[in-house]
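J.:
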Amino acid sequence: MQDTTNIKPTVIEKESIPQLKFNKESKIKQQEGLMEKLMEATKLGNIDHGKVAIVFEDDEGVKQVETTIWATGLKYICLKGGVWLPIAKIHKIVFI
């Protein structure tokens, strides 16, 4: 399990997420209470259009995107603009 505490993520735009690959079956260390934070971030995004920073990992490394979460499902979150991100690849959510 990779610990991202000391890794500086590459900041990307949400529009580039559909081109990323999430094929590796690597286990990542997720923030405690991640699902609760995702639900809170979804409410924030829908009510106040508030953004969060999402630190996640694709097949090439750790990335960060600042965006609005519109929906949270069991396996994916939907970001503003209809972009989907797998929850299993999210390390943490930071409210900004």
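Reminder that position 21 of the sequence shown reads as 165 in the numbering used here, one-by-one numbering, no gaps.
Using N, Cα and C, we set each Cβ at its ideal position, and we do this for glycine too.
No experiment lies behind these values; they were computed from the predicted model shown.
How about Thr-154 and Lys-187: do their beta carbons lie closer than 8 Å?
T.: Taking the sequence shown and counting its residues from 1, the one referred to as residue 154 is at position 10. Taking the sequence shown and counting its residues from 1, the one referred to as residue 187 is at position 43. Result no, Cβ atoms of Thr-154 and Lys-187 do not sit closer than 8 Å.
J.: Compare the Cα-Cα distances from His-235 to each of Gln-163, Ser-160, Ser-170 and Glu-159 and report the closest residue.
T.: One-based indexing of the sequence shown puts residue 235 at position 91. Checked all of Gln-163, Ser-160, Ser-170 and Glu-159; the closest Cα to His-235 is Ser-170.
J.: Tell me whether Leu-218 is buried or exposed, calling it buried when 16 or more other Cβ atoms sit within 10 Å of its Cβ.
T.: Position 74 of the sequence shown, counted from the first residue, corresponds to residue 218. In summary, Leu-218 is exposed, with fewer than 16 beta-carbon neighbours lying within 10 Å of its beta-carbon over all protein chains present.
J.: Counting C-beta neighbours from all protein chains within 10 Å, is the total for Val-238 16 or more, i.e. buried, or is it exposed?
T.: Within the sequence shown, numbered from 1, the residue matching residue 238 stands at position 94. That one is exposed.
J.: Can you tell me which of the three DSSP states Leu-188 falls into?
T.: Translated into the one-based positions of the sequence shown, residue 188 becomes position 44. Leu-188: helix per DSSP, three-state reduction.
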